[in-house]
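Heads up: the sequence shown runs through residues 1 to 76, numbered per the working numbering. Ideal Cβ placement from N, Cα and C applies to all residues, glycine included.
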Amino acid sequence: NFSFGFGAALTNPHAYKLHDIVKFLPIESIVIETDDRNNPDELIQVAERVARIKKNTVEEVIEQCDQNTYNLFKIS
Numbered sequence: 001n002f003s004f005g006f007g008a009a010l011t012n013p014h015a016y017k018l019h020d021i022v023k024f025l026p027i028e029s030i031v032i033e034t035d036d037r038n039n040p041d042e043l044i045q046v047a048e049r050v051a052r053i054k055k056n057t058v059e060e061v062i063e064q065c066d067q068n069t070y071n072l073f074k075i076s
């Protein structure tokens, strides 16, 4: 199993290569992240971008990325 983490760079509208990567990855392999621990809103922005690219709802993306994070770190 493998996971790919995406952060604020994904929200750049000109990050076409990143957008293409997200488009073709299975949602089960995506985790979202932020380097700014004092600004968790950045996670929502990343989730919104993933949702737009994958044609999912933001809620679906957040739920799946949460599960992916639990699986990655073996949290039950």
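So, with DSSP's three-state summary, where would you put I75?
I75 falls in the coil class under three-state DSSP.
If you drop the 5 nearest sequence neighbours on each side, which residues of the same chain put their C-beta closer than 7 Å to that of E48?
V58
S29 versus Q64, I75 and S76, residue with shortest Cα-Cα distance:
Q64
Within 10 Å of its beta-carbon, does N12 have 16 or more other beta-carbons around it, so buried, or fewer, so exposed?
exposed
Which same chain residues end up closer than 8 Å to K54 when comparing Cβ atoms and leaving out the 5 residues on each side of it in sequence?
V22, K23, I27 and V61
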